[in-house]
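Take the sequence shown: its letter number 460 is residue 460 in full-length UniProt numbering, and every next letter is one higher. To start, the structure itself, in structure tokens.
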Amino acid sequence: MNPVPSGPNAAPAGPVAKRFRSFDPHQVYLMPPSLDEWLPEDHLARFVAELVDEVLDLGPILASYTEKRGFPPYDPRLMVRLLIYGYTTGVRSSRAIERKCVDDVAFRYLAAGAGPDYRSISRFRARHLDALAGVFTQSLHLAQKLGMVKMGRVALDGTKLEANASKHKAMSYARLVGREERIEAQIADLEAAASALLADAETIDAAEDEKFGANGKDTDLPGELDRREKRLARLQAARAQIEAEAAAKARRHAEDKEARRQDRTGTDDPEAVAAAGAQAAAKARPKDKAQANFTDPQSRIMKNGDGAYIQAYNAQAVVDDAHQIITAADITTNPSDALNYTDMLDQSAANTGIHPKQALVDAGYCSEANLQAAAARNDEHGTDTFMATGRLAHDEQVPAAPRGRIPADATPRERMARKLRTKPGRAAYARRKATVEPVFGQIMTCQDGRELLLRGEEGACGEWRLLAACHNLRKIFRHAGTAGLATARA
Numbered sequence: 001m002n003p004v005p006s007g008p009n010a011a012p013a014g015p016v017a018k019r020f021r022s023f024d025p026h027q028v029y030l031m032p033p034s035l036d037e038w039l040p041e042d043h044l045a046r047f048v049a050e051l052v053d054e055v056l057d058l059g060p061i062l063a064s065y066t067e068k069r070g071f072p073p074y075d076p077r078l079m080v081r082l083l084i085y086g087y088t089t090g091v092r093s094s095r096a097i098e099r100k101c102v103d104d105v106a107f108r109y110l111a112a113g114a115g116p117d118y119r120s121i122s123r124f125r126a127r128h129l130d131a132l133a134g135v136f137t138q139s140l141h142l143a144q145k146l147g148m149v150k151m152g153r154v155a156l157d158g159t160k161l162e163a164n165a166s167k168h169k170a171m172s173y174a175r176l177v178g179r180e181e182r183i184e185a186q187i188a189d190l191e192a193a194a195s196a197l198l199a200d201a202e203t204i205d206a207a208e209d210e211k212f213g214a215n216g217k218d219t220d221l222p223g224e225l226d227r228r229e230k231r232l233a234r235l236q237a238a239r240a241q242i243e244a245e246a247a248a249k250a251r252r253h254a255e256d257k258e259a260r261r262q263d264r265t266g267t268d269d270p271e272a273v274a275a276a277g278a279q280a281a282a283k284a285r286p287k288d289k290a291q292a293n294f295t296d297p298q299s300r301i302m303k304n305g306d307g308a309y310i311q312a313y314n315a316q317a318v319v320d321d322a323h324q325i326i327t328a329a330d331i332t333t334n335p336s337d338a339l340n341y342t343d344m345l346d347q348s349a350a351n352t353g354i355h356p357k358q359a360l361v362d363a364g365y366c367s368e369a370n371l372q373a374a375a376a377r378n379d380e381h382g383t384d385t386f387m388a389t390g391r392l393a394h395d396e397q398v399p400a401a402p403r404g405r406i407p408a409d410a411t412p413r414e415r416m417a418r419k420l421r422t423k424p425g426r427a428a429y430a431r432r433k434a435t436v437e438p439v440f441g442q443i444m445t446c447q448d449g450r451e452l453l454l455r456g457e458e459g460a461c462g463e464w465r466l467l468a469a470c471h472n473l474r475k476i477f478r479h480a481g482t483a484g485l486a487t488a489r490a
């Protein structure tokens, strides 16, 4: 028996008749394939299918189909399946969903092999946006049935979501007024030129009429005039929007100022409050830098967490501390969070039927009005609010509270600051970042929710609530799986 050569100078081994696993690209199925066999039993797509078919109430969607005539539309269950799974996994574009129905097993399973086109998906989403946004409250109630919502401690925060519009398609009030004046002058010149051409047309002979006929420059004037008039109408609408917003802001400020003055003097005169607001609104003038966007007029220029200015909406969310379930979700066009403290906690209580024991909010909500509202909420509903009165630097620790009694003349802000510096206050407020900020991060990354697809405040709000619903459903799936749906049906 000859030994096998070894060592660095040994010759490389030759190929052998190795046996590989069977692979035949042209093999046909002996039995018809079943999509049900292509997914694991614990797959998210199975959870979504069972959720839509047996748990969610699709009555509002079905009730909108009142016409028997016409080509049969896609089954609403199919479309809701695709949208919920798409928004849960970060596939939100209708074109992307159409592609996934061809080359993704989970989407093909949910669509039962059907391939709805992107127009049908987009139109279904737009038509039933309110009903789809209503899935948010259904997801919240499902989480409550599973014991995932405790309402012992909630955190309120906001994040800026990019609107489906470029900030470069916005124009400031000062530029808008100047551009409007120039276009008005151009329209006047075009109208004068058109009038002159019409007068000349009555006197010119047939040769000149043929020369300046269908392809002549003079026939371009009506089309150019129409484009200028449409442009002017858009500028005027944007200007009216900015002026109306400035008037409304001045009205609110004047009414609040008059109401506070009456509280100090012990008077009660609603007519004086209304008169002060009307007078301020009549005198209001927008700032030169106030802007309006032509693509999505209801969106606003806002500063995001990275310090960049973007065309955006301000998305608000209240998150329960137990399992990071969103209990309230809304959209506002105001960059400031301070106006949303009361409304968001009221919405959370209305959605769950429970007022939380603790509410954690950051310094963006701190104002004299909100500090007073927090004290009233504690007295009325037993909700103890921990509201930061100032921002801390990265890794900066809250200093300990000074010893001794709180001064009798301390302001609400000073009392809140002292409260947060106590040991219980520091322990409670430390849970804020761990409660709400991971939720925003999960929506941005797992659901690709950094940019909204739908325009207008109503569309943005509906899409944000659908994103919040899918976030809750993902939490439910990871907590209880499809077994949790049996609890919901019971």
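We put the CB at the ideal spot given by N, CA and C, even for glycine.
Using 8 Å for Cβ pairs, my map puts G364 next to D337. What's the rounded Cβ distance? 4 Å
How many Å lie between K419 and P412 at the Cα? 10 Å
- Task: Determine the direct distance from the alpha carbon of P286 to that of residue 556, and round the result to whole angstroms.
- Result: The chain is shown from 1 up to 490; residue 556 falls before or after that span and cannot be answered.
Please classify A112 as buried or exposed, where buried requires at least 16 other C-beta atoms within 10 Å of its C-beta.
exposed
query = So, N314 versus L161, is the Cβ gap smaller than 9 Å?
reply = yes
### Task
Would you give the residue range spanned by the beta strand (DSSP E) that Q447 belongs to?
That residue, Q447, is in no beta strand (DSSP E); it is neither H nor E in DSSP.
Should Y118 and L466 be called a contact, given that it needs their Cβ atoms to be closer than 9 Å? no
Q | Where N293 sits in the DSSP three-state scheme | A | strand
Sorted by chain position, which residues of the same chain lie with C-beta nearer than 6 Å to P12's C-beta, five sequence neighbours on each side aside?
-> none
Do you know how far the Cα of K257 is from the Cα of D263?
-> 10 Å
query = Just to confirm, are A45 and L110 a CB contact at a threshold of 9 Å?
reply = yes
(message) Taking DSSP's pairing of strands, which residues face R153 in a bridge?
(response) Q358
inquiry  = Taking the alpha carbon of E243 as the reference point, which residue from A174, A276, K230 has its own alpha carbon closest?
reply    = A174
Check your understanding: Would the beta-carbon of residue 493 fall within 9 Å of that of Q324?
Key -> Look at the range of the chain in this structure, 1 to 490, and you will see that residue 493 is not part of it.
### Query
So what does DSSP say about N314, is it helix, strand or coil?
strand
| said: Is it buried or exposed, S22, if we count other Cβ atoms within 10 angstroms and call 16 or more buried? | reply: exposed
- prompt: For E162, does the three-state DSSP call read helix, strand or coil?
  reply: strand
#### Entry: Beta-carbon contacts of I121 that lie in its chain and below 8 Å, excluding the five residues immediately before and after
M79, L82, L83, S94, I97, E98
Worksheet item: What does a CB cutoff of less than 7 Å around A247 pick up in its chain, not counting 5 residues either side in sequence?
Response: A281, A284
### Message
For N215, which residues in the same chain have their Cβ closer than 6 Å to its Cβ, ignoring the five residues on either side in sequence?
### Response
With a pLDDT of 48 at N215, under the threshold of 50, the modelled position of that residue is not reliable, and the figure given next carries that caveat. So no residue of the chain qualifies.
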